[in-house]
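Chains as they are written, first to last, in our numbering: chain A, 183 to 495; chain B, 183 to 495; chain C, 183 to 495; chain D, 183 to 495; chain E, 183 to 495; chain F, 183 to 495.
In this text, a Cβ means the ideal position worked out from N, Cα and C, and glycines have one as well.
No experiment lies behind these values; they were computed from the predicted model shown.
There are 6 protein chains.
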Amino acid sequence: MFYHQKQLQYFTPPERPDPIYAKKLQELLGGSLGEMTVMMQYLFQGWNCRGPAKYKDMLLDIGTEEIGHVEILATMIAYLLDKAPLKMQEEGVKDPVVGAVMGGTNPRDVITAAMNPQHATVSGGGALPADSTGFPWNGRFIVASGNLLADFRSNLHAESQGLLQAVRLYEMTDDRGVRDQLSFNIARDTMHQNQWLAAIEELESEGLETTVVPSVAYQYGKREFAYQFWNQSEGEESGQGRWAKGPTKDGRGEFEYVANPQPLGPEPELPQPDPRLHDTGKISQAGQVGEAASKVVDKVVDVIDRVTPGGHQ
Amino acid sequence: MFYHQKQLQYFTPPERPDPIYAKKLQELLGGSLGEMTVMMQYLFQGWNCRGPAKYKDMLLDIGTEEIGHVEILATMIAYLLDKAPLKMQEEGVKDPVVGAVMGGTNPRDVITAAMNPQHATVSGGGALPADSTGFPWNGRFIVASGNLLADFRSNLHAESQGLLQAVRLYEMTDDRGVRDQLSFNIARDTMHQNQWLAAIEELESEGLETTVVPSVAYQYGKREFAYQFWNQSEGEESGQGRWAKGPTKDGRGEFEYVANPQPLGPEPELPQPDPRLHDTGKISQAGQVGEAASKVVDKVVDVIDRVTPGGHQ
Amino acid sequence: MFYHQKQLQYFTPPERPDPIYAKKLQELLGGSLGEMTVMMQYLFQGWNCRGPAKYKDMLLDIGTEEIGHVEILATMIAYLLDKAPLKMQEEGVKDPVVGAVMGGTNPRDVITAAMNPQHATVSGGGALPADSTGFPWNGRFIVASGNLLADFRSNLHAESQGLLQAVRLYEMTDDRGVRDQLSFNIARDTMHQNQWLAAIEELESEGLETTVVPSVAYQYGKREFAYQFWNQSEGEESGQGRWAKGPTKDGRGEFEYVANPQPLGPEPELPQPDPRLHDTGKISQAGQVGEAASKVVDKVVDVIDRVTPGGHQ
Amino acid sequence: MFYHQKQLQYFTPPERPDPIYAKKLQELLGGSLGEMTVMMQYLFQGWNCRGPAKYKDMLLDIGTEEIGHVEILATMIAYLLDKAPLKMQEEGVKDPVVGAVMGGTNPRDVITAAMNPQHATVSGGGALPADSTGFPWNGRFIVASGNLLADFRSNLHAESQGLLQAVRLYEMTDDRGVRDQLSFNIARDTMHQNQWLAAIEELESEGLETTVVPSVAYQYGKREFAYQFWNQSEGEESGQGRWAKGPTKDGRGEFEYVANPQPLGPEPELPQPDPRLHDTGKISQAGQVGEAASKVVDKVVDVIDRVTPGGHQ
Amino acid sequence: MFYHQKQLQYFTPPERPDPIYAKKLQELLGGSLGEMTVMMQYLFQGWNCRGPAKYKDMLLDIGTEEIGHVEILATMIAYLLDKAPLKMQEEGVKDPVVGAVMGGTNPRDVITAAMNPQHATVSGGGALPADSTGFPWNGRFIVASGNLLADFRSNLHAESQGLLQAVRLYEMTDDRGVRDQLSFNIARDTMHQNQWLAAIEELESEGLETTVVPSVAYQYGKREFAYQFWNQSEGEESGQGRWAKGPTKDGRGEFEYVANPQPLGPEPELPQPDPRLHDTGKISQAGQVGEAASKVVDKVVDVIDRVTPGGHQ
Amino acid sequence: MFYHQKQLQYFTPPERPDPIYAKKLQELLGGSLGEMTVMMQYLFQGWNCRGPAKYKDMLLDIGTEEIGHVEILATMIAYLLDKAPLKMQEEGVKDPVVGAVMGGTNPRDVITAAMNPQHATVSGGGALPADSTGFPWNGRFIVASGNLLADFRSNLHAESQGLLQAVRLYEMTDDRGVRDQLSFNIARDTMHQNQWLAAIEELESEGLETTVVPSVAYQYGKREFAYQFWNQSEGEESGQGRWAKGPTKDGRGEFEYVANPQPLGPEPELPQPDPRLHDTGKISQAGQVGEAASKVVDKVVDVIDRVTPGGHQ
């Protein structure tokens, strides 16, 4: 169960409204790697967790903190949308001919033309659960697999991309209020990258998971292909990297560089289609059209059915 | 530019058709963490890469290999769909009353009822660019940020989840052909987890990126919040983890456990709305309805516009 | 800011696992009118609220309660997925010919075939942020417009559909644990329907909004069409309803039944297309193909540009 | 079956083209609460209706009218896109250095940069089945549940949000043609709000449904929780509303304000995972890696299967 | 404007309910190539049409007919869902251990498990605007470009795929009612394929469009690449087709088979990244971390700005 | 299996960066009819192909070529995004009042405001797998049915729309580099329209398919409706087209113009609803509320179940 505290975790209002920046900032709120994603990802991982209590508790701690981050960004966006202009300048367009090709002449027109229209028509000056192009947040953005190592790597990835985006947005404004707020978010994401790196270390040090996840892969996988780098692109620059030579990161093998990879499988030839699907097969079906011919098809199917135990239905 | 080689990279056909398993196997082909995702993710990262040549070449090597993995799975699914039953048993349902509540009585009926209907009606027995629930693959599944460390962490995450899913699907069949094929895929994913771990090491060892990505976060972020763990969920089990004590993973600080976190921000109070948006504000607009009242609104807006340089349009 | 309390708001575990029911129950969790929707809808309405404090506080109260409902359903689904079968019966399919058309013969096969495959491969036995067909929850499911009357009507609608679905799911199981849990949810939805009806009454009684929302519609709309029912479908049964006669619900007019509605507008004829878009217009462009002809087009565009102030770019 | 009449229900062309406004107006056409939504919602409700004839007829009347509203908006948008500029001003960018950072200097450039690009490249100057951000209309936007009270509340909500958006768009233009057209739409939405309020009254007065829908909720729900308001957010401003005191709107109880809500459920602890899913459980699986260890897992599964009737497959 | 006629264009009810078939039949209603698609595609093409009147009228004729086809399928699906079972057999699962792995033993259980759950919980036994996997219809499914030849080819494609699916569904049932209904739909699709072929002929014979659309492609395209077939896949079987030899279909050239295609472009090397985006470039940024180093970056940016007219903002 | 060649198939870099044009060009890369669509469409058709080898090989040839086209466009977009401005001009907005409504005054501001924000924040100056509105590419964009004639018509449609869009984008720029590149793409699309027309001819000439696809439609469809044009829209302009008179294109009939089409079906009346779904039926359920009444419902259901063999579950 959850409780809400009215004060925000941290908040500095913007110095001035900026609807264009509000549009861009939606990426951190509702983008595929924004705060709604980490909030939902950590909460679902916590709710689905079957591991030791400290992991489950930690996931719910940070998931709960992230609800508050969504709250902060929603509030920031509402401030940035204050006094957003609604329509383009009409003075310059009184003349009908000019008007036909005219959009506006002042900075407000740029804003009106380029802001997310839904920030006015749909949300009435509030935040939206969407990214910076207006695309809605969706549940396929999150990962909660039940395997904590796989999931912590997902979390590290999400925090790395999220911090990168926060830094880029920091560079994209000079508003001291916004920058102060983002300084807080950037610090928390810094913590969270450290946190997931530490959590990964913990899982491995406690023997709950191994470098390659899940560890049963060693048992099921064909070992001869488990450490080869296949050079599928012309040139061998890729042979210069750590991934192409030396011991593998799991300490169980040596990287092998396959410079001229050759196919190991056959040329596939799919079975001929069920006549009832009307796929194009190797021989003509078109000649079979007409009452008579189609009865032949029916008979063929019947025969196949009769010779097939459990046969065609 | 790309070339195609007719033979598959590796292929073992299934021992027998299994349309239900074909439905499930679509997850590895078109799921959010399946082969289409890694194929597109590595290709876009490669095409967008502005880093050293060995990284770009390596990304295009593995991206090109993954096109071949999509090919393998598409071929496997077509084989698994061969001879899929099309309709439910009609013998048992001749009696109209029974028929009204009757679905079928034999194993073929289970298949017909539960397989992905589009595997018959839409693809005619072929693979679909969709996941195991029929949801289509989409471009928001991939990450290509231009920052290689952030992206390699995304790649490590994708290969970890993908391998986990491949192993689960391995457990879900006894078909020796399918299992042999998955043994190859599992081995390649094992390699790819090792590969991304090695590539991360390489990036850091060459000084191109640091533990926290992007490194400018240290400059922009508020250091006082950069190493704190906030305990937002009742109970302190989360204090037992490595993420709550000891040196941080970037070697720049000490984890700090904040057991009773308090808000640092104010209670937000949004500005009153633009009257032209018809949000509900703190005072009634309803009394203003009607010709007279609405003229008052117009005048107020006019006045605001006049006293505001550049004012309300 | 938010806090988490480890105990659930209410919880009764199911008597037994039931993966098929878990699939169906996802509708209440991640469906377009499920708990994720009301949770996000109330939180965004609260965060975007510019109205009196009691409304904002109330919205955040109920939004916070709904996070806990998502938590309850996620937990219930994880229990229902416990011991879900992973693969179909292989004994019956040893014979290769039988196997070709065979799916399974026992109840476990039905479950394995028909459950949401992602409940095994993707979430490892946990809940998904998706509906009962596997379609992910998305941000377009919610409404937060800034106008409280419009939004409270959205809330009433969401709680009405949600309760209807909860009741249907109650009828679809005999598991006493699940039914006990749903009895709690049904009671809360009963409250919430009452709550939004009361909140609508409050808004109107305080003069913040009127029956028709937004009230400025009376000023902008053409009154002659504001109370007419147009009979666009053959037959006049629709004339028998309350919506076709008597005083309108806003107390400002009388419903009027237009039995034989006639169009009031012209037959539209769109302007001819810009030649650079290559739409099909009323005269042939095909004759203009070739070097010579296309230069004619260029010249025509030039001329149009020159006679048009600000002209074609 | 449907018939088309060439004249529009109502139409006033715009005074002048305005591609930016065309982009915004798409919200009323293809937005989640636009005309495509109400058209499809009323038609599906009508087609699925099993209630008295007057309701079914009324739903098909208004659904059919709404097809005509989609037609009107599509026509309006095509007019607004006439003579839309296609490319940015090149005169100012002849100098290569300037050009590198240059976008354009006149109002036409603002339009070209900010209009929906698909209005030129994809639709060739025509309307799109999408909202104002370019997001396509989709079937999850509509509600047709079979329960008329629940559905009429959905309809009231859709008309309320739709009218609010129409009014906002009315404020966002000075084009007298567009405003005249919107005056018609606003009037029809005014009617439709009245209509659904009247239809709700009718359903209840005829005893087909009761205040809380569906009425069986009283039978299934736990009465003790059916009238409580839970104060989940700090502060008790929410206690001042009508929803927290006095008789409930269904006349069956009294609202009760729970100022300090406490959880009623247990702390959940999920069952340990199936070893074949490779979730992280409370004890290490990593130690079990290798041929020998994994055989142990197999045996454990076998034993569990044997002691479980119907057991693990 | 549109009118509705209560009688259906054609209708034969099913002999008996069949919820599994209802799920599959949704493909024809709400699939990407189903009736909702052709309905919307033809209506939008008609509304956006700027060509001769007979084309616009024809598009609106067939678009209007297709609304009636959606109506027919919605009605058929509601009949097929009548008496759909709601829950699985409980008799066999009284024993808790058996129950844990038990799903059901009779045909009704198969139906309950495999039908689209939303057909019960969401639509209450009615049709959904979705395809056979439950994925919602959306606006990106349709094409309306303004160019009639391009659009008529889209229409021919849609009718070809739609008829193919209708035939497959015809084969998937023995219900005489359903088959009779589909015989009507199949005939109409037969007409519509003929219709679009005829309309394409008409457009070309009237000189409104030429074989290659749009005809200006001849002017803009590099002629040397306009008739070459590039053999990008090993083996030369593709050289045996009509597309690799003989006169081209537009009568303007000869097909040329390029057996060993070679790249004509350079190896791309992207410009080094803007330092403010924190992409990984060819040289280390990591060394620049810290107050001092980052000031250097700032200065570099300043210098670049100063030497760039209009410079970095 | 696939191989990558570092050189591009063809490439001319742009003369200068243009982030607005980069946004628009995304339509050709990730739009519903862009290069990702044809790439995936041809590859899936090739992988699923069960027809003669020359068709399969040809599909994989062109699918492989299209991967290279995606590569070209991704590279072009990265060049166009070089030096994209990141933030709006701050000089003009020092004054807080002006700042409140100020957006920017120079051309760079237009770019910053109107470019796709994700081109900076998400991709760091690289291409995205999305269209020109930012909507992601998805798998429902492609068609691969197994029937080659139906699929080749889909391919012809895709190449026609794609070429139309390429031509429009050609008109929308004066950059000589971009135009040169598009001249190559336009030529290839010219080839591909010719190619699919030739491939259609080949299929028919070899008797693999007939004009109407699939040919079995003649057997299943009601011949009396297979050649009628129904005039569903007022006016008879549509009677003037080739589709309304003369021999049908399949040579099997004569087009017939039905000027006053009448419905052939009945007025539908759906069966009354299952009481457990709580749909609104023709008689009141509301009177049945309460312990007693609901027991009556239960009994009725029981009775129905008992008299129904296999009965209600």
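**Request:** Name the two residues that bound the continuous beta strand (DSSP E) containing residue 440 of chain B.
**Result:** Run containing residue 440 of chain B: 438-440, per the beta strand (DSSP E) assignment.
**Request:** Please classify residue 356 of chain A: is it buried, with 16 or more other beta-carbons within 10 angstroms of its beta-carbon, or exposed?
**Result:** Answer is exposed; the Cβ neighbour count stays below 16.
**Request:** Just mark residue 428 of chain F as buried or exposed, buried being the case when its beta carbon has 16 or more other beta carbons within 10 Å.
**Result:** Flag for residue 428 of chain F reads exposed.
**Item:** Residues near residue 413 of chain F by beta carbon distance below 8 Å, same chain, minus five either side
**Value:** Non-local C-beta neighbours of residue 413 of chain F in its own chain, meaning closer than 8 Å and more than five positions away in sequence, comprise 420, 421, 439, 440, 441, 442, 443, ordered along the chain.
**Request:** Report yes if the C-beta distance between residue 577 of chain E and residue 328 of chain E is below 8 Å; otherwise report no.
**Result:** A query on residue 577 of chain E cannot be resolved here, the shown segment of chain E reaching from 183 to 495 and no further.
**Prompt:** Opposite residue 323 of chain F in the DSSP bridges: which residues?
**Reply:** Looking at the DSSP assignment, residue 323 of chain F forms no beta bridge with any residue, so it has no partner.
**Request:** Pull up the distance between the alpha-carbon of residue 216 of chain B and that of residue 257 of chain D, whole angstroms please.
**Result:** The C-alpha of residue 216 of chain B lies about 43 Å from the C-alpha of residue 257 of chain D.
**Prompt:** From the DSSP output, which residues share a beta bridge with residue 412 of chain F?
**Reply:** According to DSSP, which records beta bridges pairwise, residue 412 of chain F is partnered with F:440.
**Asked** Using a C-beta cutoff of 8 Å, does residue 272 of chain B count as contacting chain F?
**Response** Interpretation of residue 272 of chain B is limited by its pLDDT of 46, a score under 50 that renders its predicted location unreliable; the figure taken from the coordinates is listed afterwards. Using beta-carbon distances, residue 272 of chain B does not count as an interface residue toward chain F, since no partner is under 8 Å.
**Message:** So, with DSSP's three-state summary, where would you put residue 184 of chain E?
**Reply:** Residue 184 of chain E falls in the strand class under three-state DSSP.
**Message:** Once the 5 residues before and after residue 464 of chain A are set aside, which same chain residues still bring their CB inside 8 Å of it?
**Reply:** Here the set comprises 454.
**Asked** In whole angstroms, what separates the C-alpha of residue 309 of chain A from that of residue 265 of chain D?
**Response** Rounded to whole angstroms, residue 309 of chain A to residue 265 of chain D spans 34 Å at the Cα level.
**Message:** I want to verify the contact list: residues of chain A whose CB lies under 8 Å from the CB of residue 207 of chain E, in sequence order.
**Reply:** Going along chain A, no residue has its Cβ under 8 Å from residue 207 of chain E, so there is no contact; the nearest lies around 17 Å.
**Prompt:** Is there a Cβ from chain A that is less than 8 Å from the Cβ of residue 191 of chain C?
**Reply:** So, interface residue.
**Message:** If contact is defined by three or more beta carbon pairs under 8 Å, each pair taking one atom from either stretch, is the segment 315-332 of chain D in contact with the segment 239-251 of chain E?
**Reply:** The answer is no - the segment 315-332 of chain D does not touch the segment 239-251 of chain E, with fewer than three Cβ pairs under 8 Å.
**Message:** Quick check on the DSSP output: the alpha helix (DSSP H) that includes residue 291 of chain B runs from which residue to which?
**Reply:** 289-296 is the extent of the alpha helix (DSSP H) around residue 291 of chain B.
**Asked** Is any heavy atom in the ligand ZN found nearer than 7 Å to the beta carbon of residue 269 of chain F?
**Response** Absence of the ligand ZN from the depicted structure is noted, as is the absence of any ligand whatsoever, leaving it without description.
**Prompt:** Can you tell me the Cα-Cα spacing of residue 415 of chain F and residue 389 of chain F, whole angstroms?
**Reply:** Between residue 415 of chain F and residue 389 of chain F, the C-alpha separation is close to 38 Å.
**Asked** What does residue 324 of chain D reach in chain E if we use C-beta pairs closer than 8 Å?
**Response** Contact note: residue 324 of chain D reaches chain E through 311, using a C-beta cutoff of 8 Å and chain order.
**Message:** For residue 196 of chain F, tell me which candidate among F:183, F:238, F:214, F:255 has the shortest Cα-Cα distance.
**Reply:** Cα-wise, what sits closest to residue 196 of chain F is F:255.
**Asked** Looking only at DSSP bridge pairs, what is residue 429 of chain E linked to?
**Response** DSSP, once it has assigned bridges, lists E:436 as partnering residue 429 of chain E.
**Request:** Please go through the segment 333-405 of chain B and give each complete alpha helix (DSSP H) segment of 4 or more residues, from N-terminal end onward.
**Result:** When DSSP assignments are scanned along the segment 333-405 of chain B, the uninterrupted stretches of alpha helix (DSSP H) that are 4 or more residues long and fall wholly within it turn out to be 358-387, 399-402.
**Asked** For residue 211 of chain D and chain F, any beta-carbon pair shorter than 8 Å?
**Response** Output row for residue 211 of chain D: interface = no.
**Asked** Rounded C-beta distance between residue 336 of chain C and residue 374 of chain D? I'm assuming under 8 Å.
**Response** Between residue 336 of chain C and residue 374 of chain D the beta-carbon gap is near 15 Å, outside 8 Å, which marks them as no contact.
**Asked** Who pairs with residue 201 of chain F in a beta bridge, going by DSSP?
**Response** DSSP output for residue 201 of chain F lists no bridge partner at all.
**Request:** Taking 8 Å as the cut-off, decide whether the C-beta atoms of residue 462 of chain F and residue 431 of chain F are in contact.
**Result:** Using a Cβ distance threshold of 8 Å, residue 462 of chain F and residue 431 of chain F do not count as a contacting pair.
**Run of the alpha helix (DSSP H) containing residue 238 of chain C, from where it starts to where it stops** = Where residue 238 of chain C is concerned, the enclosing alpha helix (DSSP H) stretches over 235-262.
**Prompt:** residue 434 of chain E: which of E:349, E:411, E:405, E:417 sits nearest, CA to CA?
**Reply:** Ranking the options by Cα distance to residue 434 of chain E, first place goes to E:405.
**Request:** Quick one: residues in its chain with C-beta nearer than 8 Å to the C-beta of residue 198 of chain B, no 5 flanking neighbours on either side, listed in chain order?
**Result:** Non-local C-beta neighbours of residue 198 of chain B in its own chain, meaning closer than 8 Å and more than five positions away in sequence, comprise 357, ordered along the chain.
**Asked** Which chain F residues sit within Cβ distance under 7 Å of residue 242 of chain B?
**Response** Here the neighbours are 186.
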